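Residue numbers (this note's numbering), protein chains in the order written: chain A, 1 to 111; chain B, 112 to 222. Using N, Cα and C, we set each Cβ at its ideal position, and we do this for glycine too. In this text, all values refer to a predicted model and were calculated from it rather than measured experimentally.
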Amino acid sequence: KQEVTQIPAALSVPEGENLVLNCSFTDSAIYNLQWFRQDPGKGLTSLLLIQSSQREQTSGRLNASLDKSSGRSTLYIAASQPGDSATYLCASGAGYQKVTFGTGTKLQVIP
Amino acid sequence: DGGITQSPKYLFRKEGQNVTLSCEQNLNHDAMYWYRQDPGQGLRLIYYSQIVNDFQKGDIAEGYSVSREKKESFPLTVTSAQKNPTAFYLCASSISRGGYTFGSGTRLTVV
């Protein structure tokens, strides 16, 4: 059974800092790895989707990488802003209903 | 714009009452899902459907029911058999090997 772990559970950084969020998974037989952002009381917003054949994806200040062989994905946020404060979740996908979510990293960016 | 619409945003249920949460998508996605999110816990799968008129139980289906009469719609009924229904409910959709798109959620409270 796939297990997805996100460490740390919470992170607090000063504004402007570059930061990395980590996601590890136990089964490398995945189709894709997706990163989400969740604001309090809101749904999940997709940030980046990396297919298994890809190594990374970029969107603005965000860059996500995928290393299937080591079972790791990272989300890099450049020049963090207070508006980046949210919970970030990763999810490994291996088919329609075979998606496993991590429990998230709660990020606080301090002005 | 394509997306998933969940309604209502807030829902209150009396003891012994059945309530139905709506989920509609215009993304032409084949698969739809219902998740439950409790404070401090991860996402738990309630039901999923890959095609019209077919759906499967997830990890916590007891006390819930669904239907999939149209590709665009996947309503969730929380029955009186669900003893602890207070939670945040999220609907999602996907295509094969694709990432998930989530709705904005429905917060259900028992009064």
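Does the beta carbon of Ala-198 of chain B come closer than 7 Å to any beta carbon on chain A?
no
Does at least one heavy atom of the ligand ATP sit under 6 Å from the Cβ of Pro-14 of chain A?
The ligand ATP is not part of the structure shown, which contains no ligands of any sort.
With 7 Å as the threshold, decide whether the Cβ of Ala-172 of chain B is near any Cβ in chain A.
no
On a CA-only basis, which of A:Val-20, A:Val-13, A:Gly-71 is nearest Pro-111 of chain A? Give me that one, please.
A:Val-13
Is the Cβ of Leu-187 of chain B closer than 7 Å to any Cβ of chain A?
no
Per DSSP, cross-strand counterpart(s) of Asn-164 of chain B:
Bridge partners of Asn-164 of chain B: none, in fact.
Using the rule of at least 16 other Cβ atoms within 10 Å of the residue's Cβ for burial, across every protein chain shown, is Gln-136 of chain B buried or exposed?
buried
Going by beta-carbon coordinates alone, are Gln-67 of chain B and Ser-184 of chain B separated by less than 7 Å?
Because chain B here runs from 112 to 222, residue 67 of chain B falls outside it and cannot be looked at.
Taking 7 Å as the threshold (C-beta atoms), are Cys-23 of chain A and Gly-102 of chain A in contact?
yes
Would you mind telling me which residues of chain A sit closer than 7 Å to Leu-154 of chain B, beta carbon to beta carbon, in chain order?
Phe-101
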